[in-house]
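Using this note's numbering, you'd call the opening residue of the sequence shown number 28 and step up by one each time.
To start, the structure under review is shown below, and the notes come after it.
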Amino acid sequence: MEELNELLQQRREKVDTFRAAGVNPFANGFTPSHRSREVLELHVDHDADELHDCPDAYAIAGRIMARRDFGKAAFIQVQDASGRLQVYVARDQVGAESFTHFRKFDIGDIVGVVGVPFRTKTNELSLRAASITLLTKSLLPLPEKWHGLTDVETRYRQRYLDLITNAEVRDLFRKRSRIVSLIRQHMLDNDYLEVETPMMHPVAGGATARPFVTHHNTLDMDLFLRIAPELYLKRLVVGGFDRVFEINRNFRNEGISIQHNPEFTMMEFYRAYATYHDLMDYTEELICHVAQDVCGSLKISYGGKEVDLTPPWERLTLKESIVKYGAVDMAVLDNLEPLRAYAEKLGLTPDKNIGPGKLLAEIFDVVVEPKLWQPTFITEYPTEISPLSRKNDQNPEVVDRFELFIVGRELANAFSELNDPLDQKERFVQQLAEKAAGDDEAHAMDADYLRALEYGLPPTAGEGIGIDRLVMLLTDAASIRDVILFPQLKSENID
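The structure is reproduced here in structure tokens:
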């Protein structure tokens, strides 16, 4: 820390020195004509002879990431948003006064350079600077140049520093942007209308999760940061928008792990006159489309293991999956007491009042979910744990719902929507009873949503896809914090 404070003091003294010499250490007005990559691409096929009398001058701006001094000349690496370009700065080219100032520039400073392209003796395409201007004086030194920023918590907390020093991180977030753009365009191409719904809800709904609570002073009412946009999107389907989608943030006041961040990005979409079977087909199409573009193949690597996204993907009911991966007979799953005994054998300690549906879900989480490496749709979830889903016509104990699992984690959740307002009210009442019994994640009663259903929700299927988890999959990221620019962390004391 003492060494860091000394470097900070030295750089602050340089700020004063520059100002005394009439050089603004935080200048404005320099306009780049090109980015580094553009210069490299324009001359990639030109050899030294072809560039010898090249008249083209380029203005680039970026951060000094490395330098090698040779008395009256120096090579620097200038990094901008597109990459790096080597620049040769010589006293006889930029002038004695400018070169004197340049010698005080530090790694991390942001500069503007105007120069012409040439190739060095090692054949590296570079710019020969005709002028170099200090645009922003960096007061703090960058991490050690050969290893970059490696401390994980510092990388998450100071993402700006992570982006400066780690090219692979910049590439990951470019891929994230590409993934979101591809999803959005695919939805638009399939006649979905992009919409925005409220972030603050008077009733926390659309999922079973614990919300964040805030208070509006003027209205003197508590509001909840949304845990899901579902109920508002379905109101829009009631209003006549047959296909809608939203890509935006959800907030859940729950734990933090490699799969969970309190603030995360979801896409939810709803299609009238469709079933959850239609959405399984569409989900395959959508994810394969994105993966092919971003990864160049439907066979990708995650954590050193292959994932084959080639459709069709496996489809199993919840009970079938437990039988397949849990070495248990179906008959055990159809009766509460044998089911409870099986759960206890697995090491679970279910509450004595737990219903068979919740118990099946707990068993699934332990026995099946970690083993679903290849893409798999799990269907026929218990009605007991699906308060917004349509009951199956043949078996009302389950709903017309699926969840998609890849690499042992849930990626999407979808179902044919419950559009019977009387059934929905009964489900809400049951959820209220569970909330009163201590379930903080039980769904609240939403009277206005019930009123909307009474006007008539057409047969509809809806789905939520976790964008962060999809990005993790397609970029081989081990933690959700790797794919969120500014993940939630504990507070830090900064002197």
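Note that the Cβ used here is the ideal one computed from N, Cα and C, for glycine as well.
_Can you find the residues in the same chain that come closer than 8 Å, C-beta to C-beta, to Arg-46, ignoring five residues on each side of it along the sequence?_
Position 19 of the sequence shown holds residue 46. Counting only Cβ-Cβ distances below 8 Å, and skipping sequence neighbours, we find Pro-52.
*Quick one: is Val-264 buried, meaning 16 or more other Cβ sit within 10 Å of its Cβ, or exposed?*
Residue numbering aside, residue 264 sits at position 237 when the sequence shown is read from its first letter. It is buried - the Cβ of Val-264 has at least 16 other Cβ atoms within 10 Å.
_Using 8 Å as the threshold, is the C-beta distance between Ala-488 and Leu-306 below it?_
On the sequence shown, residue 488 is found 461 positions in, with the first residue counted as 1. On the sequence shown, residue 306 is found 279 positions in, with the first residue counted as 1. A contact, by the Cβ cut-off of 8 Å.
*Out of Val-105, Val-230, Pro-144, state which residue places its alpha-carbon closest to the alpha-carbon of Met-472.*
Within the sequence shown, numbered from 1, the residue matching residue 472 stands at position 445. Considering only alpha carbons, the answer is Val-230.
*Compute the distance between the beta-carbons of Ser-63 and Ala-86, then report whether it is under 8 Å.*
What you label residue 63 is simply residue 36 of the sequence shown in a count that begins at 1. What you label residue 86 is simply residue 59 of the sequence shown in a count that begins at 1. It is not a contact, given that the beta carbons lie outside the stated cut-off.
_Short Cβ contact (8 Å threshold) for Glu-281 with Glu-295_ = Stepping through the sequence shown from its first residue, residue 281 is reached at position 254. Stepping through the sequence shown from its first residue, residue 295 is reached at position 268. Taking 8 Å as the Cβ cut-off, Glu-281 and Glu-295 do not qualify as a contacting pair.
*So is Met-499 buried or exposed if we call it buried at 16+ other beta carbons inside 10 Å?*
By 1-based counting over the sequence shown, the position of residue 499 is 472. Met-499 is buried by the Cβ-count criterion.
*Roughly how many whole angstroms lie between the Cα atoms of Gln-185 and Ile-103?*
Reading the sequence shown from its first residue, position 158 is the one you call residue 185. Reading the sequence shown from its first residue, position 76 is the one you call residue 103. Straight-line Cα distance between these residues: approximately 25 Å.
*Would DSSP call Trp-173 helix, strand or coil?*
Here residue 173 corresponds to residue number 146 of the sequence shown, with the count starting at 1. With a pLDDT of only 47 at Trp-173, under 50, the local geometry of the prediction cannot be trusted, and no value is derived from it.
_Between the CA atoms of Leu-246 and Asn-193 - distance to the nearest angstrom_ = One-based indexing of the sequence shown puts residue 193 at position 166. One-based indexing of the sequence shown puts residue 246 at position 219. If I take the Cα positions, the gap works out to 47 Å.
*For the candidate residues Ala-75, Asp-216, Ser-443, Tyr-183, whose alpha-carbon lies nearest to that of Glu-407?*
Indexing the sequence shown from 1 puts residue 407 at position 380. For the residues Ala-75, Asp-216, Ser-443, Tyr-183, the minimum Cα distance to Glu-407 belongs to Ser-443.
*Coarse secondary structure for Glu-347, derived from DSSP in three states*: Residue 347 sits at position 320 when you count from the first residue of the sequence shown. Of the three classes helix, strand and coil, the one that applies to Glu-347 here is helix, per DSSP.
*asked:* Could you compute how far the alpha carbon of Phe-132 sits from the alpha carbon of Asp-107?
replied: To locate residue 132, count along the sequence shown from 1; it is residue 105. To locate residue 107, count along the sequence shown from 1; it is residue 80. If you take the alpha carbons of Phe-132 and Asp-107, they lie about 17 Å apart.
*Other residues of its chain near Leu-258: CB distance less than 7 Å, five sequence neighbours each side excluded*: Your numbering for residue 258 matches position 231 in the sequence shown. The answer, listed in chain order, is Gly-232, Gly-233, Asp-473, Tyr-476.
*Does DSSP classify Ala-255 as helix, strand or coil?*
Along the sequence shown, one-based indexing puts residue 255 at 228. The answer is coil: DSSP assigns Ala-255 none of H, G, I, E or B.
*What are the uninterrupted segments assigned as alpha helix (DSSP H) that are 4 or more residues long and contained completely in the region 437-486, given in chain order?*
448-463, 474-482
*Can you tell me whether DSSP reads Asp-119 as helix, strand or coil?*
Mapped onto the sequence shown, residue 119 falls at position 92. Helix at Asp-119.
*Could you check what DSSP says for Asn-32 in three-state terms: helix, strand or coil?*
Along the sequence shown, read from residue 1 onward, the residue named residue 32 stands at position 5. In the structure shown, Asn-32 sits in a helix (DSSP, three-state: H, G or I).
_Using the Cβ count rule (16 or more neighbours within 10 Å means buried), how would you classify Gly-483?_
By 1-based counting over the sequence shown, the position of residue 483 is 456. By the 10 Å Cβ count, Gly-483 comes out exposed.
*Since Ala-48 sits in a beta bridge, which residues does DSSP pair it with?*
Counted from its first residue, the sequence shown places residue 48 at position 21. Ala-48 pairs with nothing; no bridge assigned.
_Please classify Tyr-300 as buried or exposed, where buried requires at least 16 other C-beta atoms within 10 Å of its C-beta._
What you label residue 300 is simply residue 273 of the sequence shown in a count that begins at 1. Label assigned to Tyr-300: exposed.
_At the level of alpha carbons, what is the spacing between Asn-362 and Thr-177?_
On the sequence shown, position 335 is the one that residue 362 refers to. On the sequence shown, position 150 is the one that residue 177 refers to. So the alpha carbons of these two residues sit roughly 52 Å apart.
*asked:* With the cut-off set at 8 Å, would you say Pro-243 and Leu-250 are in Cβ contact?
replied: Within the sequence shown, residue 243 is the residue found at index 216, counting from 1. Within the sequence shown, residue 250 is the residue found at index 223, counting from 1. Per the sequence presented here, residue 243 reads as His, with Pro not at that position. Between His-243 and Leu-250, the C-beta gap is smaller than 8 Å, which places the two residues in contact.
_Nearest to Tyr-183 (by Cα), restricted to the options Leu-512, Leu-67, Gly-135, Glu-65_ = The residue you call residue 183 lines up with position 156 of the sequence shown. Answer by Cα proximity: Leu-512.
*Under a three-way DSSP split, which group does Met-357 fall into?*
As a first step, residue 357 is located in the sequence shown; it is residue number 330 there, counting from the start. The answer is helix: DSSP assigns Met-357 an H, G or I state.
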